[in-house]
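Below is one structure; the comments refer to it alone.
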Amino acid sequence: MFTYLSTRALRWITGLLLVLFVSYAMMFYGTGDPIKRMFIDLREGSMTVDDAMLDKLRAKYGLDQPFPVQFANYVGKLMQGDLGYSIREKRAVLTMVQVRLPISMQLGLVATVLAALIGVPLGVAAALHHNRRLDSLIVGISVFLNAVPIFVTGPLLMVLLVLVLKIMDVPFGWKGIFHSQVILPVTVLAFSPLPTIVRQTRAAMLEVMGDDYIRTARAKGLPERIIVLRHMLRPVLIPVVTSLGLIMISLVNGAIFVELIFNIPGFGKLTLQGLQQVDYPIIMAVILIGTLIVMVSNLLVDIVYPFLDPRITRG
Amino acid sequence: MPTTSKPSPALAVNLTAPAKERSLWGTALRRLLRNRLSVFGLVIVLLFLLAAIIGPYVAPYDFLSQNIAQASRGPSVEHWFGTDPLGRDIFSRILYGARTAALVALTTTAVSLFIGVVLGTLAGFLRGRVDEFVMWITDVTMSLPGLLLAMLVNTALKRPITAWFDQMYTQTRNPAFLNTLWLDYVLVFGALALIGWAGYARLIRGQVLSIGRTLYVEAARSVGANTRRIMSRHIVPNAFGPLIVAVTQGMGGAILAESSLSFLGIGVQPPNASWGSMLADSLNLWRTFPHLMLIPAITIGVIQVAFIFLGDGLNDALNPRQSR
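Sequence order for the protein chains is L and D.
All residue numbers for the first sequence refer to our numbering, where the first residue is 8 and numbers rise by one.
All residue numbers for the second sequence refer to our numbering, where the first residue is 67 and numbers rise by one.
The following block contains the structure:
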C-alpha cells in the first residue's frame, strides 16, 4: 500500500515539475522581456522609461539571471504560495485567482453533480435495454454530445430557449450560484463530462450483468430493482469514479467556453485574459492550477481505488 | 452489426488461395458501405474535402469582398446563407472555412502522426528505459487539459515564429513570408501537433507490442525473417486498421481544436475565414441575427458527427475481431 502510494506520488510530482518546466521555458523564450512589456506605451509603441531604469528593474526582480536560476526562484516562490505579479494589471496573481476560481468551482461542482445524476441512470437504463431502441437512443445522444463541442450546443440552446421558445432572457454575467441565470451555463457545462459518465456506466453495467453473483441473486428470487440497486450499482460506480481525471479535464476546458459565451468572470475568463494580453504570470498560474486540478483528481482516484475495489492491491 | 451472419471474411481470405480476388480492403469497404450511418459520415466528409479543394473556385462571392448595403441579411436567393455584418457572403465564407479546417486537420494529423509513429515504434521495439521515458511523457501530456496546453504553445510560438518570418523575408524577399495569414496557420499547426502526438504514440506502441507477441510473428522469426521483413510484412500492415481509425478520429479532433482556438480568438485570425471565429463573432449579434450563429454552429456540429460516424464505421469494418 505504501509503495503503491509513494510511486504514484513520485510520478505525480515529477509530472507536475515537467509541466512547470516546459511552460516556464516557453514563456521565458517565447514572450519576450516582461519588464519591457510592463512599461511599453501601447499607443505609440515607445518605452515610457529609459534603459538604465529598465536594467535596474530587471535586477530588482531577478530577471537578469540565467534561465535555470530564474526557474528555481520561480519554483521556490510557488512553494510559498506566491504566484507572481500580473504584468498588465500590476497586482498579485494570487488575489485575482482567489476571486475568479471559486466562481468556476461552484459552476463545475454543480455541473458534475448534474452530469452524474443524469449520466448514471442513463447508462444503467441503456445497459438494461442492451441493443434495443432505448439503448441506441441513449448511446446516440451521448455520441452526439461527445462529438459536438459545447461552444456549439451552448449557442444553439440559447437560440432555441431565448428566441424560439422565449422562456428565458439572455443569461449574461454572474449573479451568484443560486440565481436562475446559472441554469443554462451549468447545463451546457454538464454536457462535456456527461458522455464519459454514460459510456463508463453502460460498459461497466454490461460487464457486471453477466457475472455469477447476479445470476445467484436472480436465482434467490430477489426483485429486479434490488438486484440493480444493491448488487450492480456498486461495482458499476467504480469506473465512473476512476474517470474523475477525464471529467476534470472536460470541466477545465469547458469552463473557458462557457464563461466566454455567458460572460461569467471566472477562471476560464482569467485564462483567456492572460493569453490575449500575453500576461505570463497569469498564464503560468492558470496552467499550474489547471494541471493541479486534473493531477490531484487522478491522485485522489489512485488513493481511493484500492478501497473501492479490494481486488486491486497495486497499480 | 450486420456482419455476424457470415463466417469471418478476414479469416476466409487468409485461408483460400489468392486466386479468388477478395482483398481485405474490398471486404472492409463493403462492410463499411453496408452501415447507413458510416455512409452518411463518408459522404459528408467527402463533401467537406471537396469543398476544401474546389470551394474557393465555385464560391458565388469572394469570401473577403464586403458589401455594406447588403449587411446582415438573412438567407435569400442571392446569398444562400445570408450575409454577415460587413456584408460578406456567409456561404462563401463557410466554403473557405472548410479549406482552413481541412488544411489544419491534414497538417496537424500528419505532423503528430509522424512524431507519434517514431516515438511509439521506438518505445515498442526498444522497451526498457526508452519505453518508460516515452510513456511517462505520453501519460503527462494526455493527463493535461489539452486546450490549455495548445493555447500556451500558440502564445509562446507567436513571437519567435513572427521573428523567423521577418528574417526569412529579409533573406529571400519572398512575399509569402510577409503574409500573416500563413503565420496564423503555422502557429495553429504547431500548437495542435504538439498535443496530438501522444495518442498516436500510445496506439503504435501498443500495436507493436501486441502484434510482436502473436504466433505468426513468432513463426516468421523462426523461419529466419529479419526485423525489417517482420516490420514491413507483418507489423505495419496489421497495425494499419487501428491506425486508420485513429487518424479519422484525430482529423475530426483537429478540426474541433482549430475551431476551438479560433472561437477563443487565438487561432486563425480575421479576415481569414474559420468556422470557430465566425461563431465567436456572432456572440454579440445573435439576438437580432440568429443566422450568424446558427450557420457556423450547425456546420461544426454536422462535420463532427460525420467524422465520428465514419470513424465508428471504419472501426467496425477494419477491426472485425474487436467486437463492441
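Positions of the beta carbon are idealized from the N, C-alpha and C atoms, including for glycine.
Just so it is clear, the structure is predicted and the values come from calculations on it, not from any experiment.
Start-to-end residues for the alpha helix (DSSP H) that takes in residue i
i, result
"F314 (chain L)", "Y287 to L315"
"I204 (chain L)", "L201 to M216"
"E144 (chain D)", "Here E144 (chain D) belongs to no alpha helix (DSSP H), and DSSP marks it neither H nor E."
"G147 (chain L)", "R140 to A154"
"K63 (chain L)", "D58 to K67"
"R139 (chain D)", "It is not in any alpha helix (DSSP H) - R139 (chain D) carries neither H nor E in the DSSP assignment."
"H357 (chain D)", "P356 to L384"
"D347 (chain D)", "W341 to D347"
"D219 (chain L)", "D219 to A226"
"L229 (chain L)", "Careful: L229 (chain L) lies outside any alpha helix (DSSP H) and carries neither H nor E."
"I271 (chain L)", "It is not in any alpha helix (DSSP H) - I271 (chain L) carries neither H nor E in the DSSP assignment."
"I184 (chain L)", "Here I184 (chain L) belongs to no alpha helix (DSSP H), and DSSP marks it neither H nor E."
"R18 (chain L)", "F9 to G37"
"W91 (chain D)", "L90 to L99"
"G246 (chain L)", "Going by the sequence as given, residue 246 (chain L) is Pro instead of Gly. From DSSP, the alpha helix (DSSP H) with P246 (chain L) extends over L240 to T249."
"Y123 (chain D)", "R102 to V124"
"A197 (chain L)", "I190 to F198"
C-beta neighbour in chain D for residue i, strict 8 Å
i, result
"L170 (chain L)", "yes"
"Q280 (chain L)", "no"
"I20 (chain L)", "no"
"M33 (chain L)", "yes"
"T38 (chain L)", "yes"
"S93 (chain L)", "no"
"A197 (chain L)", "no"
"N138 (chain L)", "no"
"M112 (chain L)", "no"
"S30 (chain L)", "yes"
"Q283 (chain L)", "yes"
"I289 (chain L)", "no"
"I174 (chain L)", "no"
8 Å CB neighbourhood of residue i in its chain, flanking five on each side removed
i, result
"N385 (chain D)", "G307, P308 and V311"
"G404 (chain D)", "Chain D is shown from 67 up to 390; residue 404 (chain D) falls before or after that span and cannot be answered."
"V79 (chain D)", "With a pLDDT of only 47 at V79 (chain D), under 50, the local geometry of the prediction cannot be trusted, and the value read off the model is given with reservation. For V79 (chain D), where only same-chain residues beyond five positions count, the Cβ hits under 8 Å are R88, S89, L90 and T93."
"V200 (chain D)", "L185, G186, L188, A189, A267 and R271"
"D62 (chain L)", "D71"
"A167 (chain D)", "F114, A118, I321, E324, S325, S340, W341 and I369"
Residue i - partner residues in DSSP beta bridges
i, result
"D155 (chain D)", "D:T149"
Cutoff 8 Å: residue i Cβ touching any chain L Cβ
i, result
"P356 (chain D)", "yes"
"F329 (chain D)", "yes"
"R294 (chain D)", "no"
"S104 (chain D)", "no"
"L113 (chain D)", "no"
"Q273 (chain D)", "no"
"Q335 (chain D)", "no"
"P211 (chain D)", "yes"
"G367 (chain D)", "yes"
"T70 (chain D)", "Residue confidence for T70 (chain D) is low, a pLDDT of 44 falling below 50, so the modelled location carries little weight and cannot support an answer."
"L351 (chain D)", "no"
"R299 (chain D)", "no"
"S343 (chain D)", "no"
"S142 (chain D)", "no"
"A83 (chain D)", "Any reading at A83 (chain D) must be qualified, since the residue scores a pLDDT of 47, below 50, and its modelled position is unreliable; no value is offered."
"I160 (chain D)", "no"
Neighbourhood of residue i by C-beta distance below 6 Å, restricted to the same chain and skipping five residues each side
i, result
"M86 (chain L)", "none"
"F329 (chain D)", "G342, L345 and A346"
"I271 (chain L)", "W181"
"M428 (chain D)", "There is no way to answer for residue 428 (chain D), as the model of chain D reaches only from 67 to 390."
Cβ-based neighbour list, residue i, same chain, cut-off 7 Å, excluding 5 preceding and 5 following
i, result
"H137 (chain L)", "L213"
"W146 (chain D)", "F157"
"P337 (chain D)", "L130"
"L376 (chain D)", "S104, G107, L108, V111 and T314"
"L213 (chain D)", "S326"
"Y81 (chain L)", "Y31"
"W248 (chain D)", "A242"
"T298 (chain L)", "L23 and V26"
Neighbour flag for residue i against chain B, beta carbons, 8 Å
i, result
"G130 (chain L)", "Any reference to chain B falls outside this structure, whose protein chains are L and D."
Q. In chain order, which continuous runs of the alpha helix (DSSP H) of length 4 or greater are located wholly inside the region 72–125 of chain L?
A. The region 72–125 of chain L contains these whole alpha helix (DSSP H) runs: 74–86.
Q | Residue ranges of each alpha helix (DSSP H) within the region 178–236 of chain D, 4 or longer | A | Those alpha helix (DSSP H) runs which fall completely within the region 178–236 of chain D and span 4+ residues are 194–208.
Q. Going along the chain, which unbroken runs of the alpha helix (DSSP H) with 4 or more residues stay wholly within the region 264–321 of chain D?
A. Secondary structure remark: continuous alpha helix (DSSP H) runs of at least 4 residues inside the region 264–321 of chain D, in chain order: 281–288.
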